[in-house]
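**Student:** This is the structure, below, for whatever I ask next.
In my numbering, the protein residues as written are 18 to 164.
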């Protein structure tokens, strides 16, 4: 059901933890399944992500997508980090089961939330970045997912 890469990132997650005095911190959740993901970014004066860590409360797929997302943004500039989509996270993990795609959406939103926090702290605008949702299902009405 899960790919080898998903299992590896679940069983041996990379970049777990917190960054003290992080440049940006983003927290998002999914009320429907209970997953909560927090991403910490350490961004240098050239807007390069020096370090990225995460803390996630959730299923194996949520842990794996958090781990992969941190790997994908580390060393990138903020513009490149903006381009890390849920699809990129899924592709890097060699896919996710359809009922777990929302975990990759959490990863994308958590990165954007951390970048939003960074932009607010430094009074800058990041092109294409919109105010993140606290819950990835905000604004959806009457949509039910089967788990």
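Using N, Cα and C, we set each Cβ at its ideal position, and we do this for glycine too.
Counting C-beta neighbours from all protein chains within 10 Å, is the total for residue 86 16 or more, i.e. buried, or is it exposed?
**Tutor:** The residue is buried, with at least 16 neighbouring Cβ atoms inside 10 Å.
**Student:** Return yes when at least one heavy atom of the ligand FAD lies under 6 Å from the C-beta of residue 52, else no.
**Tutor:** With respect to small molecules bound, the structure shown includes none, and the ligand FAD cannot be examined in it.
**Student:** How about residue 79 and residue 113: do their beta carbons lie closer than 7 Å?
**Tutor:** No, these two residues do not count as a Cβ contact at 7 Å.
**Student:** Kindly indicate which three-state DSSP category residue 91 falls into: helix, strand or coil?
**Tutor:** It is coil, neither helix nor strand.
**Student:** Report the partner residues of residue 41 according to the DSSP bridge assignment.
**Tutor:** Note: residue 41 sits in a beta bridge opposite 58.
**Student:** Assign residue 52 to buried or exposed, taking buried as 16 or more other Cβ atoms, counted over all protein chains shown, within 10 Å of its Cβ.
**Tutor:** Residue 52 comes out buried.
**Student:** Alpha carbon to alpha carbon, how far is residue 64 from residue 94?
**Tutor:** When rounded, the distance between both Cα atoms is 5 Å.
**Student:** Can you check DSSP and say which residues form a bridge with residue 145?
**Tutor:** Per DSSP, none; premise fails for residue 145.
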